[in-house]
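In my numbering, the protein residues as written are -11 to 932. Read the structure below first, then the notes.
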C-alpha cells in the first residue's frame, strides 16, 4: 500500500513491500505555513517524476514514484528508486483484469478519466480537477492515478477511487440503506404441484438466488454489531459501493465560478474537465477472472442470461438487481412479465387470424367483387380528377380477399378480449411488483427517494432556504421570479411548436398521398411489366405503402431532434428531485412520441374516406387536393399496412440502434487498441472503451416498449397479429438489452426504484383509451356494422343473406353531372353512370345524391355499438381490477411478519446494550430502564 494521509499536523507515509516483508514507516512533522488551510489537501505518492505536476493527483504514474514533500526532499529521494522498482514489479504481476488498487487490497469502486490538453482551457480544467480531487480526499475517499504514459492511447489519465469502510458506513446510514441483520426464517411458499413442467425453463438455483434471504434494517454505525458483518470488504456489494461513491461525486464541490458555487461530477463531465466517470465491471464477460474473489457476476450474467440461445429461460432477476441495482432489475422484471402476457394475446390473435384465413374463400363480399358478372360489370367512378379513368370493381379482387383476414367477426371478439387482457396485464403486474418490493427491501422506499435524491443542479441554482415544517430541517427553495415564469412559458411554447410541427408533417404526408395517387394510377396502367401484379399492387396500395415509409422516415427524424429539445426544456425547469426530473421528461417525450407515431394511424382509422363527398361535389384539402377514398373493401387493410410498416420499422431500427451500432463502435475502438499490444490493457481501460449507458438509457428502453404497447392496444382491432410481432420483438429485445448491458456498455451506476414510476400511469391511460379507439375502429373503419345492418334489415335473400351487399353499398352517379374541371379526360361513351362507395339516392330520385335512410340506420347502429361495447368492456375491466388485489395476501402477511421480527430483533439488541450499560448502576435504576425499554418494544409491536 502506497498512501499518504494527513491528520492534523502529522503526515504519515506507509509503504509495505509484501514479497520481501519489508515495511518502511517514516513519520514527518509538517508545519502549516502562514495562510495555509489546516485542512489542506492530503499528499499522496506521485509517480510522474519527469513531468509537470498539475494537481495532487494529476500526472501520477504507476511506473515512476516521487514523494512530493517539500521539507523532506532528501528523505523522499531515498525511497524513489525503491518505490519505482516496486511498482513496476507490481504492474507486471497485476492481472489486466484486476479491480484493485496497486496494493491488491483496496477495491476500485469508481474510475474518472481525463485527457490533459493544455490547448483547451488547460489551466482552468487543471484547477477544477485539483480542487475536486482535494475535496474527494477530504471526504475520506482514497485516490490512485494512472499516468497517461501507461494508458493504451498515451493520452488518458485514470483516477481510481476507493471508498474505505468508514466512508461506506457513514453514507450507508445517510442513504438509509438496508443491510442484513438475520437470515430469513419464514418458510417459503408452497411449491406448485406442476412445477416440474416448467423445469426446462428454469435456471440453476445458484444463479437465480445468488445470496440467502435476510431480514434487513437501515444501517447504523452505532449498531454495527447488530448486522451480519463477516467481512468488511464484501459486506457492501459492489453496486452499493458504487452508488455511495457516485452520491459523493455528484455533490462534491470544485470551486466557485462567476460568483456561484460549482459542484458535481455531472458538470465536470459536461464542461470536459473529465471525459468519463464509471464503476468497473468485475471481470471480462467471456471468461472468469483467475481470482475468484472478483465475483464473476458479469460472466454469469453473460452465459446464463445475455445469450440469445437462452431466450426460453427465465431471467436471473436477483442477480441482475445485485449487479446493476434495483432500477435496472425492475425494468427487466417488467419487460419479462409483459412478454409473458403477450404470449396469451399472441395466441388469441393468431387464432383470430387463422379464422379469417379459413373463412376467406367463403366471404360473400370478396366473392361478389371477384365475380366477372358482378364485380366485373360494375364501373367505378375515377379516384382522382381529370387524370384518373373509370375502373372495374373486380380490379380490387385480391385486396378485398386479404382485407377479410382482418375484417371479420373475430375482429370484434379480439377487440373485446384485448380490452380485458390489458386490464389483467396491469393488475397482475401490480401484484408482481409488490412481490419484488418485498423481496428487494423496497417496501418503504418511496419516502426515502423523495427525501434523499435531491438534484445537485437544483441545489446549485436555488439560493433561498426555508425550514421544512415536518422535518424542521433547512431545505433549498426555488424562487418563483418573473424570469422563471418566462422560461416556463418559453418551454411550453416550444413543446406546442413541435406538436404543431408533427401535425404539419402529417398533413404534408396526406398531401403526398393525394398528389401522387394519380401519378401511380397512370404509371401502372401504362407500364406493361406491372400488369401481371396489378391485382396485388394497386395504386391505392402503392400510395399507402410509400406514404407509410415516408411517414416513418419523418417520424425518426423528428424523434432525433425532439429528444434534445425535451432534455433542454426539462433542464430549464430545474426539477427538485431526480424522480420529478424523470417524470417531467417522460411526459414531454411521451406526449410528443404519441402524436408522432400514432397521428398517421389515427388519420387512416378515423378520417380517411369519412369526408370525401360524392362525384361532382368532392371535398378538397386547401381547395386543391381531393380527399382520399377508402377501398371498396374498406380502409381497415390500409390501417393494417400503416400499422405494420411503422411498428415493424421502429422495432428493426431500434434493434440496429441498440445493438449493432454500439458493437461497431466498440469493435473499432478495440481494433485501435490492439495496435499497441506491448502495453497492458487494464480493466479500467477496457471499460473506458465501452459505450456509456447514460442517465437516460433506461428511459429510452421504457419509452420504446410503451410506444409498442400503444400499437398493440390502440389499433389492435385492425391487426390481430400485432401482439405476435411484439412478442417476437420482445423475446429478442430482452436478449439484446441484456447483451448490450453486459458486453457493450460500461457498468451503470446502481440506483434504486420500487416501481416503473410514471410509466404505470401512462399505461393505465392508454388502456382506457384503447377501449375507445378499438370501438371506433370496429364501428367506423371496418365494414362489420354496415354488413350487420344489411344482414338483419335490408337483405332480401333468406338462403344467402349477404348476397347483394356490394351492390347495396355502392351508390349511382350520372356521368353527365361531372363538372367540366373534374371530369376524366377519356370517356368512351359506353356507359352513362358510375358507382361510388356511399349510401345516397340515385340521380333519378327526387332527393338526388342525398343520404338514404340506410345511411342513418348504419350511423345509429355504429353509435349504439360504440356505447354498448365501451360500457361492457369498462364494466368488465373495473370488475376485474376490483377482484384482483394489488398486493397478494401472502406478501402482506410476510411484510407484517418481517416488520414484527425486525422490531423484535432491534429491541432485543437495544435491551442487551442497555443491560450492559447499566451493569454498574443500582438494581432499582436498572429495573426501571429495562421495564421502560420492554414497554417501548411492546408498544412498537402493537403499532406495527
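All C-beta atoms, glycine included, are put in the ideal place defined by N, C-alpha and C.
DSSP places residue 644 in no alpha helix (DSSP H); its state is neither H nor E.
The C-beta distance from residue 369 to residue 823 rounds to 7 Å, short enough to fall under 8 Å. Taking 8 Å as the cut-off, the beta carbon of residue 655 is found no closer than this to the beta carbon of residue 690. Here DSSP, grouped into helix, strand and coil, assigns residue 788 to coil. The beta carbon of residue 538 is closer than 7 Å to those of 497 and 500 in its chain, skipping five residues each way along the sequence. Assignment of beta strand (DSSP E) within the region 176 to 251, counting only whole runs of 3 or more residues, yields 202 to 206, 241 to 245 and 248 to 251 in chain order. Counting along the chain, residue 99 sits inside the beta strand (DSSP E) bounded by residues 98 to 103. Classified as exposed, residue 560 has fewer than 16 neighbouring CB atoms from the shown chains inside 10 Å of its CB. Of the candidates 813, 782, 810 and 806, 806 places its Cα closest to the Cα of residue 821. Taking a C-beta distance under 8 Å as the contact criterion, residue 297 and residue 116 do not qualify as a contact pair. Partner residues in a beta bridge of residue 732, as assigned by DSSP, do not exist.
Residue 164 and residue 429 have their alpha carbons spaced roughly 12 Å apart.
Going by DSSP, residue 393 is part of no alpha helix (DSSP H) at all; its letter is neither H nor E.
For residue 348, no alpha helix (DSSP H) run applies, since DSSP gives it neither H nor E.
With respect to residue 327, residue 718 sits close: the two C-beta atoms are nearer than 8 Å. Across the structure, residue 738 and residue 121 are spaced so that their CA atoms are roughly 22 Å apart. Under the criterion of beta carbons closer than 8 Å, residue 415 and residue 869 qualify as touching, at roughly 6 Å.
Approximately 4 Å separates the beta-carbon atoms of residue 810 and residue 373; this is inside 8 Å, confirming the contact. In chain order, 499, 502 and 503 place their CB closer than 7 Å to the CB of residue 613, counting only its own chain and leaving out the 5 sequence neighbours on each side. Boundaries cannot be given for residue 304, as no alpha helix (DSSP H) includes it and DSSP labels it neither H nor E.
Of the other Cβ atoms in all chains shown, fewer than 16 fall within 10 Å of the Cβ of residue 784; this residue is therefore exposed. Counting the other CB atoms within 10 Å of its CB gives residue 274 a total below 16, which places it among the exposed residues. Taking a C-beta distance under 8 Å as the contact criterion, residue 382 and residue 407 do not qualify as a contact pair. Assignment of residue 678 by DSSP, reduced to helix, strand and coil, places it in the coil class.
Only residues of its own chain outside the window of five on either side were considered, and among them 479, 482, 483 and 576 have a CB closer than 8 Å to the CB of residue 557, listed in chain order.
Within the same chain, Cβ atoms closer than 8 Å to the Cβ of residue 893 are found at 169, 170, 203, 205 and 214, the five residues on either side in sequence being excluded. Rounded to the nearest whole angstrom, the C-alpha separation of residue 707 and residue 385 is 20 Å. A straight line joining the alpha-carbon of residue 600 with that of residue 191 spans about 59 Å. Residue 761 sits close to residue 703, with the two beta carbons spaced by under 8 Å.
Apart from sequence neighbours up to five positions away, the residues of its chain that approach residue 839 with a beta-carbon distance below 7 Å are 827 and 828, ordered along the chain. Counting only runs of 3 or more residues that sit fully inside the region 115 to 142, the beta strand (DSSP E) segments are 130 to 134, in chain order.
Here residue 742 is not near residue 356, since their CB atoms are 8 Å or more apart. Per DSSP, residue 875 is not a residue of any beta strand (DSSP E), being assigned neither H nor E.
Per DSSP, residue 586 lies in no beta strand (DSSP E) segment; the continuous alpha helix (DSSP H) that holds it begins and ends at 566 to 594. Note: residue 375 is not bridge-paired with any residue in the DSSP secondary-structure output. Around the beta-carbon of residue 379, 16 or more other beta-carbon atoms lie within 10 Å, marking it buried.
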